[in-house]
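Structure, as structure tokens:
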Amino acid sequence: MKILKSLILAALLISTCFSQSSDTVGYSLEKGSWSLQFQVGNDFQLTSFDGVIVSLKYHFTPKFAFRFGAGMNLSSNDIQITDFEYSTGEFFDEPVSKSVRDFLLTTYFLLYPKPNALFKIFFGIGPRGTYAFSHDEGFNTNIIKIIREDEIWSAGLNGIFGVEWFPTGYLSLFGEYSVYGTYGKSTVNQYETNVDTGEKYSYYYKSSDNLIFRGNIARLGLGVYF
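The sequence shown begins at 3 in my numbering and counts up one residue at a time.
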């Protein structure tokens, strides 16, 4: 990653010294071009973009593009303990095993009204979806196991507005402002089971609807075209 950042910074410095006209800069917006987006964080560190592992953009024409982002987290952890731990509240505090699965999908249909301008304004809209599931197991006594499952899903729309500038034909810097609104549902299932007999009891269930609108999401990004 350090080598990649050094190469990108060197390319930006060289391109600044040898400036190009607005007619030649940004030809990567041509039909059929692809690009990867990275978020520029503190100290110019490149991180995952928009909360996703990978963000790709494809241009149908210089004016119209499609951006796709996907993220995923799969984890499983077994905690080794010698003595059984007891719950101090409604839910156990220290799970013996924990597994998590969550997914994020974002898409944008983008419009560049003036793709030949030096500073290229763009805006767009597209669907957004998330899904998360976690499974936790712990013990209330040495034979009573507590199992809890949390499930959350949401679906809605993204909106975006930004400006992109090409110091070279294959690298761009852009700033953007985005908002999104989603509707979703979260559920909690928890029950206790006897390890010896398999009997289930003390069942707990909770369900709630979630309506979220979030704005003021400003980002500085870097695009690598190919």
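The beta-carbon is built from N, C-alpha and C at its ideal position, and this holds for glycine as well.
Coarse secondary structure for residue i, derived from DSSP in three states
| i | result |
| --- | --- |
| Leu58 | strand |
| Leu224 | strand |
| Ser30 | helix |
| Ser35 | coil |
| Thr199 | coil |
| Tyr172 | coil |
| Lys65 | coil |
Contact set for residue i: own chain, Cβ-Cβ below 6 angstroms, skip 5 residues either direction
| i | result |
| --- | --- |
| Tyr60 | Trp36 and Phe68 |
| Phe228 | Trp36 |
| Leu58 | Phe70 |
| Val167 | According to the sequence as given, residue 167 is Trp; it is not Val. Excluding residues within five positions, the ones whose Cβ falls inside 6 angstroms are Phe121 and Leu175. |
| Gly151 | Strictly speaking, residue 151 in this sequence is Glu, with Gly absent from that position. Answer for Glu151: His137 and Asn191, listed in chain order. |
| Thr2 | Residue 2 is absent from the structure shown; the chain starts at 3 and stops at 228. |
Outcome for residue i when other beta-carbon atoms lying within 10 angstroms are tallied against a minimum of 16
| i | result |
| --- | --- |
| Gly217 | exposed |
| Thr199 | exposed |
| Leu31 | buried |
| Thr108 | buried |
| Pro115 | exposed |
| Lys208 | exposed |
| Glu178 | buried |
| Ser99 | exposed |
| Ile146 | buried |
Chain C within 8 angstroms of residue i, Cβ atoms only
| i | result |
| --- | --- |
| Ser37 | Structure shown: chain C not included; a single protein chain is present. |
Inter-residue CB distance, residue i and residue j (contact presumed, cutoff 8 angstroms)
| i | j | result |
| --- | --- | --- |
| Gly126 | Leu113 | 6 angstroms |
| Glu194 | Tyr203 | 6 angstroms |
| Ile149 | Phe141 | No, Ile149 and Phe141 are not in contact; Cβ-Cβ is about 10 angstroms, not under 8 angstroms. |
Close Cβ partners of residue i (< 7 angstroms) along its chain, the five nearest in sequence each way excluded
| i | result |
| --- | --- |
| Thr184 | Arg130, Ser156, Ala157, Gly158 and Ile214 |
Enumerate, from N- to C-terminal direction, the unbroken alpha helix (DSSP H) stretches of 4 or more residues contained entirely within the segment 94-164. Qualifying alpha helix (DSSP H) stretches: none in this window.
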